[in-house]
Amino acid sequence: MFDNKDTTNINQLGEFGLIDLITKSVVLKEASSLKGIGDDAAVLDFKNEKTLISTDLLLEGIHFDLRYVPLKHLGYKAVQVNLSDIYAMNALASQITFSIGVSSKFPIEAVEELYVGALLACDKFGVDLIGGDTSASAQGLVISVTSIGHAKAADIVYRNGASEGDLICVSGDLGGAYVGLQLLEREKMIFLENPEIQPDLEGKDYIIERQLKPEARKDIVDLLRDLKIKPTSMIDVSDGLASELLHICNQSERGCKLYEEKIPIDPMTYDTAREFNLDPTVCALSGGEDYELLFSIKQADYEKIKNVPEITVIGHITEKNSGKELISKSGQVHPLTAQGWNAFRG
Ligand code: ADP
Ligand code: MG
Numbered sequence: 092m093f094d095n096k097d098t099t100n101i102n103q104l105g106e107f108g109l110i111d112l113i114t115k116s117v118v119l120k121e122a123s124s125l126k127g128i129g130d131d132a133a134v135l136d137f138k139n140e141k142t143l144i145s146t147d148l149l150l151e152g153i154h155f156d157l158r159y160v161p162l163k164h165l166g167y168k169a170v171q172v173n174l175s176d177i178y179a180m181n182a183l184a185s186q187i188t189f190s191i192g193v194s195s196k197f198p199i200e201a202v203e204e205l206y207v208g209a210l211l212a213c214d215k216f217g218v219d220l221i222g223g224d225t226s227a228s229a230q231g232l233v234i235s236v237t238s239i240g241h242a243k244a245a246d247i248v249y250r251n252g253a254s255e256g257d258l259i260c261v262s263g264d265l266g267g268a269y270v271g272l273q274l275l276e277r278e279k280m281i282f283l284e285n286p287e288i289q290p291d292l293e294g295k296d297y298i299i300e301r302q303l304k305p306e307a308r309k310d311i312v313d314l315l316r317d318l319k320i321k322p323t324s325m326i327d328v329s330d331g332l333a334s335e336l337l338h339i340c341n342q343s344e345r346g347c348k349l350y351e352e353k354i355p356i357d358p359m360t361y362d363t364a365r366e367f368n369l370d371p372t373v374c375a376l377s378g379g380e381d382y383e384l385l386f387s388i389k390q391a392d393y394e395k396i397k398n399v400p401e402i403t404v405i406g407h408i409t410e411k412n413s414g415k416e417l418i419s420k421s422g423q424v425h426p427l428t429a430q431g432w433n434a435f436r437g
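Note that the numbering used here has the sequence shown beginning at 92, numbered continuously upward.
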């Protein structure tokens, strides 16, 4: 959805004109960015720290639907989602590249909106835009974001470091992004059938924002550093809690016990899931796109986090042969399975 009424055909500007337009307001702020946009390659200097790199590819019709995702939000989310991967390594993000493929139907003003969102995210998270690529696309919008971060070698947290007895923790709450998507999809169907009807999203701001405007949890990385906690393993929740916890268990060669009653779910997520006849726990386990951090810590660190409202202990790591288990509210034991995000689409 694109609000700007003035539209300029992309062919009027050409590739270089377009690059100039979208990058004219970019200023480098990070000391590690020696050269940004404007040469054949950017130049960075991380002194004695390690460099971390992560890339995402986003395709219209597969990863986003422009019928209900405003372009500014899309630019913002594309950056957030990518930074989240750097934070999930317990590192700090400092640069991104942002590349786009656009069809000629796409007005220049729409591309500008996309970059307004992307640069807003950069600004908020102290990240420099240092390059990208621009191409025509035969059909649909294509976005690729690469983020670059840095950390001391000893601070980097991988997925494979969890040990028996470690506590499993998650930041924020889960399932909201998926339930928000259900709401947006429902309103889209109603709108397509009858364009006279205005979307009814009243009072649902939180879960709509969870879907359209997720926030990468840099604050949790900062908090863990302040608390002098180095997680033993960490991952960000992009595909749903179950799938991410299984990644940690498999890579760490351990089992787990996850307690349903401990999984943090916001009341609005809970109630709206119920309205859709969805099980809120399943939304948290398999919904995805929450971009919270899931991590394990040593038991000795429990005292440091037990009163932190943003962190919830949801279970513990067990030895490999005891399996990966979900303990339901009624005390039943189920094997934890990753249905991923497609589970609901069937
Ligand atoms: P090349 O032909 O070497 O790929 P380009 O003309 O594509 O060079 O890019 C020139 C400069 O503009 C480079 O610094 C590149 O990183 C930057 N750039 C190109 N497209 C984008 C974009 N969509 N967003 C940000 N920077 C871009
Ligand atoms: Mg290029």
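Heads up, the beta-carbon is just placed ideally off N, CA and C, and yes, glycines get one too.
Fair warning: this is a prediction, and the values are worked out from it, not measured in the lab.
Beta-carbon contacts of Val261 that lie in its chain and below 6 Å, excluding the five residues immediately before and after: Glu383, Leu385, Thr403 and Ile405
The ligand ADP heavy atom lying under 8 Å from the CB of Phe282: no
Whether Ser254 touches Arg316 by CB criterion (9 Å): no
Beta bridge counterpart(s) of Gly266 as assigned by DSSP: Answer is none; Gly266 lacks a bridge partner.
DSSP bridge partner residues for Gly222 (one or two, in chain order): Thr188
Stretch pair the segment 214 to 224 + the segment 120 to 128: three plus CB contacts closer than 8 Å: yes
Integer Cβ distance of Thr323 from Asp246, believed to fall under 8 Å: Contact doesn't hold; Cβ gap of about 13 Å is too wide.
Pair within 9 Å by beta-carbon distance, Ile239 and Cys347: no
Same chain, Cβ closer than 6 Å to Tyr297, neighbours up to 5 away in sequence not counted: Met359
Straight-line gap, Glu410 to Pro286 (C-alpha atoms, nearest Å): 56 Å
DSSP state of Val442 mapped onto helix, strand, coil: Nothing can be reported for residue 442: it is not among the residues displayed for the chain, which extend from 92 to 437.
Buried or exposed (CB count within 10 angstroms, at least 16 for buried), Met325: buried
C-beta atoms of Ile418 and Glu351 nearer than 9 Å: yes
Reduced DSSP secondary structure (H/G/I, E/B, other) of Leu150: strand
Leu349 beta carbon less than 9 Å from that of Glu401: no
CB contact flag (Tyr269, Gly166, <9 Å): no
Sub-9 Å separation of Ser124 and Gln186 beta-carbons: yes
Cβ pair Gly231, Leu283 closer than 9 Å: no
Residue burial classification, Ala122 (beta-carbon count within 10 angstroms, cutoff 16): exposed
Boundaries of the beta strand (DSSP E) in which Glu416 is found, first to last residue: Lys415 to Ile418
Check: Asp224 C-beta below 8 Å from any heavy atom of the ligand ADP: yes
Meets three-Cβ-pair contact criterion under 8 Å: the segment 167 to 180 and the segment 294 to 312: yes
Same chain, Cβ closer than 6 Å to Gly192, neighbours up to 5 away in sequence not counted: Ser226, Ser228 and Val233
Leu109 and Ile199 closer than 9 Å at C-beta: yes
Same chain, Cβ closer than 6 Å to Pro290, neighbours up to 5 away in sequence not counted: Glu278
Rounded separation between Asp330 and His164 - CA only: 20 Å
Rounded C-alpha distance that separates Ala333 from Leu265: 11 Å
Residue span of the alpha helix (DSSP H) that contains Met359, given as start and end: Pro358 to Glu366
Neighbourhood of Glu335 by C-beta, 8 Å cutoff - its chain only, sequence neighbours within 5 removed: Ile326, Asp327, Val328, Ser329 and Leu385
Reduced DSSP secondary structure (H/G/I, E/B, other) of Val207: helix
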